[in-house]
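Asker: When we follow the UniProt record's numbering, the leftmost residue of the sequence shown carries the number 1, and every step to the right adds one. One structure is given below, represented as structure tokens, and several questions about it will come after.
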Amino acid sequence: MASLRNSSTRLESLWLQVQEPLFWLTADLRLAWVNRAWEQLTGSSAEEVAGLTCRAHGPTRAGDLPGLVGSFFPPPEALAGQPASVRTLIIHSSGERRWRRIEFRPFHDEQGTLVGLFGLVGSSDAPSGNSDAESQRLRTDLLQIREQLQQRHGFDSLIGAGPVHRRLLDQITTAVATTVPVLIVGEPGTGKRTVARTIHHQSSRRQAPILPIDCASLPAEVLERQLFGGELAARLTLPEGSSLMIGDILDLPRDLQSRLVATLDPHVRLLAMTAGDPEAALQSERLRPDLYYAVTTLVIRLRPLRERLEEIPLLAQHLLERANSRGGRQRGGFSESAISVLLAYDWPGNLRELARVIDEVHAQAAGDLIEADDLPAGIRGHLASAYVPPPLPPPTISLDELLTQVERRLIESTLQRARQNKSRAAELLGISRPRLYRRIKELGLPDVPEIADEAPLLNGTRSRDEG
Numbered sequence: 001m002a003s004l005r006n007s008s009t010r011l012e013s014l015w016l017q018v019q020e021p022l023f024w025l026t027a028d029l030r031l032a033w034v035n036r037a038w039e040q041l042t043g044s045s046a047e048e049v050a051g052l053t054c055r056a057h058g059p060t061r062a063g064d065l066p067g068l069v070g071s072f073f074p075p076p077e078a079l080a081g082q083p084a085s086v087r088t089l090i091i092h093s094s095g096e097r098r099w100r101r102i103e104f105r106p107f108h109d110e111q112g113t114l115v116g117l118f119g120l121v122g123s124s125d126a127p128s129g130n131s132d133a134e135s136q137r138l139r140t141d142l143l144q145i146r147e148q149l150q151q152r153h154g155f156d157s158l159i160g161a162g163p164v165h166r167r168l169l170d171q172i173t174t175a176v177a178t179t180v181p182v183l184i185v186g187e188p189g190t191g192k193r194t195v196a197r198t199i200h201h202q203s204s205r206r207q208a209p210i211l212p213i214d215c216a217s218l219p220a221e222v223l224e225r226q227l228f229g230g231e232l233a234a235r236l237t238l239p240e241g242s243s244l245m246i247g248d249i250l251d252l253p254r255d256l257q258s259r260l261v262a263t264l265d266p267h268v269r270l271l272a273m274t275a276g277d278p279e280a281a282l283q284s285e286r287l288r289p290d291l292y293y294a295v296t297t298l299v300i301r302l303r304p305l306r307e308r309l310e311e312i313p314l315l316a317q318h319l320l321e322r323a324n325s326r327g328g329r330q331r332g333g334f335s336e337s338a339i340s341v342l343l344a345y346d347w348p349g350n351l352r353e354l355a356r357v358i359d360e361v362h363a364q365a366a367g368d369l370i371e372a373d374d375l376p377a378g379i380r381g382h383l384a385s386a387y388v389p390p391p392l393p394p395p396t397i398s399l400d401e402l403l404t405q406v407e408r409r410l411i412e413s414t415l416q417r418a419r420q421n422k423s424r425a426a427e428l429l430g431i432s433r434p435r436l437y438r439r440i441k442e443l444g445l446p447d448v449p450e451i452a453d454e455a456p457l458l459n460g461t462r463s464r465d466e467g
């Protein structure tokens, strides 16, 4: 593509001198022109970004040009031809992070067809107001969380919110800083492999290989051959700093468990995973004590998605932007009705199922904004019979008020699932029954009588995806 500065028109020459950052997006969302102030704001030249497609996903690091251009993605109102503004994170080439508000002005031809969008980047980084649409608030919240993750932990892919998620991130950060074995426990689809790979790739071992072995999918003789024999005998005498990632370690035959402990090179880190209960496996002698104590130095437990109610909107937005980054039509976010449907579903397949659904709706949705009708019928069908939480609070709410609302929503939802059985609800929430009663009273929740059981509680017969 020719240089973005080939035009010699007087107007463009004047615009180049303007002190505020300016840019032009074509109707197909390609960055066609920027001025010098834009270059100074981003640390990137016009020639570097010439013709790059603006996709709806934020930046991840300095030098990420597609992510940088994605910072200037317009909100749905602007794409629909209306003036609009958006708050976004811009990462300078030096690594400095700046929040700015962008004003978009659409331009149309004589037939009313959108020909492009003119963008003006403001100098203020003040927080956005309550007028931001729900989809845009989610995108801004996601950018803020990614920034906090990057600054505190050095990675930004494990999206979540709340004190339990912060504790998880602290555990992962501890695992990154040490060399001890790690056991990652969680239901199928909760992201055990993602956590294991994050630990390896963020640690000082990142230059060494990580070798996966899946105990559940391989026959015993194949496992023995991979771990101890023939071509792969050297797998346990790997270069110093390597990691051995063992999936479904409770499925490793007992006669191989002690051999694994005895054969492990101290320079090879063990990252083990299981969907089962390691303590119960030890008691039932399914897991040998020597292997149990070898892998439980640091245990990281991942919650199922049904217990991460307050995180689902952010996770969905994160997965949507990941789909946007792969190309195709760009989806700006989710309507409130779509979020309500996502919150009402039980997600037996956890994050893996959510990712599959988001990829599906990204490919098939009718418009730029994901609506409830775009979601699969099997998920929409749960809305009529499930508890639907109230709309998410605006981002300007105080932290204490936000946490109180999240707690209220979680307790109400859990009581609904437990058919108002307080003992069962307390068990699901991981708190004592007296504490649950105390919180119900303090939050002003109604004391609804227990509903008599007419069917097995909590989908006890539902099949779960394995893996």
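Even for Gly, the Cβ is constructed at its ideal location relative to N, Cα and C.
(1) Thinking C-beta only, is E407 closer than 8 Å to P304?
(2) Since S335 and I370 should fall inside the 8 Å C-beta cutoff, what is the C-beta to C-beta distance between them, to a whole number of angstroms?
(3) Tell me, please, whether the segment 211-222 touches the segment 176-192 by the rule of three or more beta-carbon pairs shorter than 8 Å.
(4) Below 7 Å CB to CB, which residues in the same chain sit around L114 once its five sequence neighbours on both sides are set aside?
(5) Identify every residue that forms a DSSP beta bridge with R301.
(6) If you follow the alpha helix (DSSP H) that E39 is part of, which residue opens it and which one closes it?
(7) Exposed or buried, what is S71 when buried is set at 16 or more other beta-carbons lying within 10 Å of its beta-carbon?
(8) Please go through the same chain and pick out, in chain order, the residues whose beta-carbon is closer than 7 Å to the beta-carbon of S423, but skip the five residues on each side of it.
(9) Residue range of the alpha helix (DSSP H) that P313 falls in?
(10) So what does S243 bridge to, in DSSP terms?
(11) Quick check: C54 and V69, are their CB atoms within less than 8 Å of each other?
(12) Alpha carbon to alpha carbon, how far is P83 from L25? Give it in angstroms, no decimals.
(13) Return the first residue and the last residue of the alpha helix (DSSP H) that G67 is part of.
(14) Buried or exposed for G378, please, with buried defined as at least 16 other CB atoms from any protein chain shown within 10 angstroms of its CB.
(15) For W38 and I199, I'd like the C-alpha separation in whole angstroms.
(16) Between G332 and P76, which are expected to be in contact by the criterion C-beta below 8 Å, what is the C-beta distance as a whole number of angstroms?
(17) If you reduce the DSSP assignment to three classes, tell me which class K441 lands in.
(18) Does DSSP put L369 in a helix, a strand or coil?
(19) Identify the continuous alpha helix (DSSP H) that holds A338 and give its terminal residues.
(20) Start and end of the alpha helix (DSSP H) containing D115?
(21) Taking only the alpha-carbon atoms, compute the straight-line gap between P394 and S337 and give it to the nearest angstrom.
(22) In whole angstroms, give me the CA-to-CA distance for Q258 and L314.
(23) Who does P106 pair with in a DSSP beta bridge?
(24) Among A363, G276 and T173, which one has its Cα closest to the Cα of Y292?
(25) Roughly how many whole angstroms lie between the Cα atoms of L211 and R205?
(26) Verify whether the separation of the beta carbon atoms of P181 and L270 is less than 8 Å.
(27) Since R193 and M273 are thought to touch, with beta carbons under 8 Å apart, how far apart are those beta carbons, to the nearest angstrom?
Answerer: So, from the data block:
(1) For this step, residue 304 is matched to residue 304 along the sequence shown. For this step, residue 407 is matched to residue 407 along the sequence shown. It is not a contact, given that the beta carbons lie outside the stated cut-off.
(2) Position 335 of the sequence shown, counted from the start, is the residue given in the question as residue 335. Position 370 of the sequence shown, counted from the start, is the residue given in the question as residue 370. The Cβ separation is near 7 Å, so the contact holds.
(3) no
(4) Sequence index remark: in the sequence shown, residue 114 carries index 114 (1-based). Closer than 7 Å at the Cβ level, and outside the excluded window around L114, lie A27, G81, P106 and H108.
(5) Locating residue 301 in the sequence shown gives position 301, where the first residue counts as 1. Answer by DSSP bridge pairing, in chain order: V185.
(6) In the sequence shown, counting from the first residue as 1, residue 39 sits at position 39. Here the alpha helix (DSSP H) through E39 covers R36 to T42.
(7) Counting from 1 along the sequence shown, the entry for residue 71 is found at position 71. Looking at its Cβ environment, which holds 16 or more other Cβ atoms inside 10 Å, S71 is buried.
(8) Indexing the sequence shown from 1 puts residue 423 at position 423. Excluding positions up to five away in sequence, the list reads R433.
(9) Against the sequence shown, residue 313 aligns to sequence position 313. I312 to S325 is the span of the alpha helix (DSSP H), which, as asked, contains P313.
(10) Looking up residue 243 in the sequence shown gives position 243. S243 is bridged to I210 and R269.
(11) Mapped onto the sequence shown, residue 54 falls at position 54. Mapped onto the sequence shown, residue 69 falls at position 69. Yes; because the gap between Cβ atoms is below 8 Å, this pair is in contact.
(12) Against the sequence shown, residue 25 aligns to sequence position 25. Against the sequence shown, residue 83 aligns to sequence position 83. C-alpha separation (whole angstroms): 14 Å.
(13) Here residue 67 refers to the residue found at position 67 when the sequence shown is read from its first residue. Taken as a continuous stretch (DSSP letters only), the alpha helix (DSSP H) holding G67 covers L65 to G70.
(14) Residue numbering aside, residue 378 sits at position 378 when the sequence shown is read from its first letter. With fewer than 16 other Cβ atoms within 10 Å, it is exposed.
(15) Here residue 38 is taken as the residue at index 38 of the sequence shown, counted from 1. Here residue 199 is taken as the residue at index 199 of the sequence shown, counted from 1. Going from the Cα of W38 to the Cα of I199 covers about 37 Å.
(16) Taking the first residue of the sequence shown as 1, we reach residue 332 at position 332. Taking the first residue of the sequence shown as 1, we reach residue 76 at position 76. About 4 Å; that satisfies the 8 Å criterion.
(17) Translated into the one-based positions of the sequence shown, residue 441 becomes position 441. Helix at K441.
(18) The count along the sequence shown starts at 1 and reaches residue 369 at position 369. In this structure, L369 counts as strand in the three-state DSSP scheme.
(19) The residue labelled residue 338 in the question sits at position 338 within the sequence shown. Per DSSP, A338 belongs to the alpha helix (DSSP H) from E336 to A344.
(20) If you number the sequence shown from 1, residue 115 lands on position 115. Checking the displayed sequence, the identity of residue 115 turns out to be Val instead of Asp. It is not in any alpha helix (DSSP H) - V115 instead sits in the beta strand (DSSP E) that spans L114 to V121.
(21) Here residue 394 corresponds to residue number 394 of the sequence shown, with the count starting at 1. Here residue 337 corresponds to residue number 337 of the sequence shown, with the count starting at 1. In this prediction, P394 has a pLDDT of 49, which is less than 50 and means its spatial position is unreliable; what the coordinates show is noted afterwards. About 16 Å.
(22) Position 258 of the sequence shown, counted from the first residue, corresponds to residue 258. Position 314 of the sequence shown, counted from the first residue, corresponds to residue 314. One detail in the question is off: residue 258 reads as Ser in this sequence, not Gln. Roughly 43 Å between the two C-alpha positions.
(23) Counted from its first residue, the sequence shown places residue 106 at position 106. DSSP output for P106 lists L117 as bridge partner(s).
(24) On the sequence shown, position 292 is the one that residue 292 refers to. The option with the nearest alpha carbon to Y292 is G276.
(25) Indexing the sequence shown from 1 puts residue 211 at position 211. Indexing the sequence shown from 1 puts residue 205 at position 205. Cα-Cα distance, rounded: 13 Å.
(26) Taking the first residue of the sequence shown as 1, we reach residue 181 at position 181. Taking the first residue of the sequence shown as 1, we reach residue 270 at position 270. Yes, these two residues count as a Cβ contact at 8 Å.
(27) Position 193 of the sequence shown, counting from 1, holds the residue named residue 193. Position 273 of the sequence shown, counting from 1, holds the residue named residue 273. R193 to M273, Cβ: 7 Å. Contact.
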